[in-house]
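Colleague:
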Amino acid sequence: MSKHKANLLLLAVAILWGASYIFVQMAISAGMHSGMINAVRGSICVVGCLLVFNKSIRNMTKFDFKAGLLMGITNFVAYYLQTDGLRFTTPAKNAFITTMYVAISPILLWAFWHERPRRKTYFVIPLALIGMGILTNVAASGLALNKGDLITLISSIFWALQLIFFGKIASKASSPWVIIFMIGLVQGVAGWIVSLTTETQTFAHIHWLQALIPVTLLAILVTFIAQGMQITAQKYTDATSAGLLLMLESFFASVLSVIIGYDSLTHSLIIGGAILLLANAIMQTDLHHLPFLKKTN
């Protein structure tokens with residue numbers, strides 16, 4: 001596969017990831033809560049992995065299981081909070097605030113792994129905070145985030161942890177599909193437990209067909225197919241190109257949300273979202289390799 005084709009695949013992944021916010025919003029609008037969304041999504045992911053990657057799963061090592069369990073728990077908490085936050089905010093704001101994990105991950109690496117942040121981090125973090133402040137319009141609410149935005153921001157901490165765990169732990173697994181299987185398994189089991197213990201009173205109000213269609217699309221197109229496309233494509237392109245393409249997830253989420261009518265195209269959405277995208281791009285790019293920043297003799 002050529003680098004150009006790999007980059008096109010990653011662009012498709014970003015579009016599918018962006019669409020995932022719309023699928024979740026559709027399920028929420030149909031009355032389905034976060035626990036059930038996770039339960040159904042995880043269950044479908046497990047079935048897909050067992051059907052297609054049964055051999056890799058049967059050869060799972062003890063390390064694979066422990067790594068997958070850690071990744072699964074982290075992913076479940078992150079996705080549960082992100083989905084729950086979407087009940088109280090819009091898909092575009094949910095997507096853009098989630099990108100705060102880019103600024104949060106260096107802080108966590110410094111606090112718990114004693115890895116010194118790169119110098120540009122000291123610029124990116126304030127920039128990301130400014131972007132989030134404009135996006136959420138906190139100045140008008142006495143510097144207080146609304147419930148949905150706050151829950152989404154907390155979820156970004158766990159997305160940052162997942163990013164770190166992927167690099168430090170999951171990359172050492174015998175197969176990436178074993179990790180995806182474990183993520184789906186934990187997501188499904190934990191989702192059913194949460195749903196059956198805290199959401200049973202909402203079941204009667206769910207429009208099941210309207211909810212299950214987008215959640216099924218979410219599981220198949222996003223959790224399974226997009227993940228496979230990402231794993232395949234990233235072998236044939238560089239990390240910077242991959243990061244810059246995948247970060248467009250929040251852009252596509254906001255565009256689709258505005259088109260469908262979940263979000264209004266406001267100045268705060270445009271300016272705040274653009275600043276967050278800029279902060280993300282700076283973190284993903286090796287600035288020393290930019291032609292206009294290279295030293296000339």
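Read in UniProt numbering, the sequence shown has 194 at position 194, and its numbers run on one by one without any break. Glycine residues also receive a C-beta, built at the ideal position from the N, C-alpha and C atoms. All of these numbers come straight from a predicted model, not from anything done at the bench.
#1: Just curious, the alpha helix (DSSP H) that Arg176 is in, first and last residue?
#2: Going by the beta-carbon positions, is the gap between Gly272 and Leu135 smaller than 7 Å?
#3: To test your reading of the DSSP string, which unbroken alpha helix (DSSP H) runs of 4 or more residues are found completely within the UniProt domain "EamA" (5-135)?
#4: Quick check: the Cα distance between Phe53 and Arg119, rounded to an integer number of angstroms?
#5: Go to Val258, then tell me how far its alpha helix (DSSP H) extends in each direction, as first and last residue.
#6: What residues in its chain sit with their C-beta under 6 Å from that of Val222, if we drop five residues either side in the sequence?
#7: Pick out whichever of Ile270, Ala253, Ala242 has its Cα sitting closest to the Cα of His4.
#8: For the alpha helix (DSSP H) that contains Met229, what are its first and last residues?
#9: Quick check on the DSSP output: the alpha helix (DSSP H) that includes Gln162 runs from which residue to which?
#10: Rounded to the nearest angstrom, how far is the Cβ of Ile275 from that of Ile130, given a contact under 8 Å?
#11: For the structure I just gave you, are there three or more beta carbon pairs, one from the segment 222-236 and one from the segment 81-89, closer than 8 Å?
#12: With respect to the alpha helix (DSSP H) encompassing Leu209, which residues constitute its N-terminal and C-terminal limits?
#13: DSSP on Leu265, reduced to helix/strand/coil?
#14: So, Ala30 versus His207, is the Cβ gap smaller than 7 Å?
#15: For Ala190, which residues from the same chain have a beta carbon less than 6 Å from its beta carbon, with the 5 sequence-adjacent residues on both sides left out?
#16: In whole angstroms, what is the alpha-carbon distance linking Thr89 and Ile22?
#17: Between the segment 191-211 and the segment 61-75, do at least 3 Cβ pairs fall closer than 8 Å?
#18: To the nearest angstrom, report how far apart Met36 and Gly188 are at their CA atoms.
Modeller: Straight from the coordinates:
#1: By one-based count along the sequence shown, residue 176 stands at place 176. In the sequence as presented, Arg is not what sits at residue 176; that position holds Pro. First-last of the alpha helix (DSSP H) with Pro176: 176-198.
#2: Along the sequence shown, one-based indexing puts residue 272 at 272. Along the sequence shown, one-based indexing puts residue 135 at 135. Yes, the Cβ-Cβ distance between Gly272 and Leu135 is below 7 Å.
#3: For the UniProt domain "EamA" (5-135), the full-length alpha helix (DSSP H) segments reaching 4 residues or more read 34-52, 54-58, 62-85, 91-98, 101-113 along the chain.
#4: Here the question's residue 53 lines up with position 53 in the sequence shown. Here the question's residue 119 lines up with position 119 in the sequence shown. Looking at the two C-alpha atoms, the distance is approximately 42 Å.
#5: What you label residue 258 is simply residue 258 of the sequence shown in a count that begins at 1. It spans 249-260 - the alpha helix (DSSP H) in which Val258 sits, taken as one unbroken run.
#6: Position 222 of the sequence shown, counted from the first residue, corresponds to residue 222. Taken in chain order, the residues that qualify are Leu16, Ser20.
#7: Residue 4 sits at position 4 when you count from the first residue of the sequence shown. For His4, the nearest C-alpha among the options comes from Ala242.
#8: Here residue 229 corresponds to residue number 229 of the sequence shown, with the count starting at 1. If you look at Met229, you'll find it in the alpha helix (DSSP H) that goes 227-233.
#9: Walking along the sequence shown from the start, residue 162 turns up at place 162. 147-168 is the extent of the alpha helix (DSSP H) around Gln162.
#10: As a working mapping, residue 275 is identified with position 275 in the sequence shown. As a working mapping, residue 130 is identified with position 130 in the sequence shown. Yes, they are in contact, since the Cβ atoms of Ile275 and Ile130 sit about 6 Å apart, within 8 Å.
#11: Segments in contact, no.
#12: For the purposes of this step, residue 209 is taken as the residue at position 209 of the sequence shown. Where Leu209 is concerned, the enclosing alpha helix (DSSP H) stretches over 208-217.
#13: Start at 1 with the first residue of the sequence shown, and residue 265 comes out as number 265. In the structure shown, Leu265 sits in coil (DSSP, three-state: anything other than H, G, I, E or B).
#14: What you label residue 30 is simply residue 30 of the sequence shown in a count that begins at 1. What you label residue 207 is simply residue 207 of the sequence shown in a count that begins at 1. When the beta-carbon positions are compared, Ala30 and His207 come within less than 7 Å of each other.
#15: Locating residue 190 in the sequence shown gives position 190, where the first residue counts as 1. Once the five neighbours on either side are set aside, the close Cβ partners of Ala190 are Phe76.
#16: Taking the sequence shown and counting its residues from 1, one reaches residue 89 at position 89. Taking the sequence shown and counting its residues from 1, one reaches residue 22 at position 22. Cα to Cα, the separation comes out at about 12 Å.
#17: Using a C-beta cut-off of 8 Å, the segment 191-211 makes no contact with the segment 61-75, since fewer than three inter-stretch Cβ pairs fall below that distance.
#18: Residue mapping note: residue 36 aligns to position 36 of the sequence shown, counting from 1. Residue mapping note: residue 188 aligns to position 188 of the sequence shown, counting from 1. Looking at the two C-alpha atoms, the distance is approximately 9 Å.
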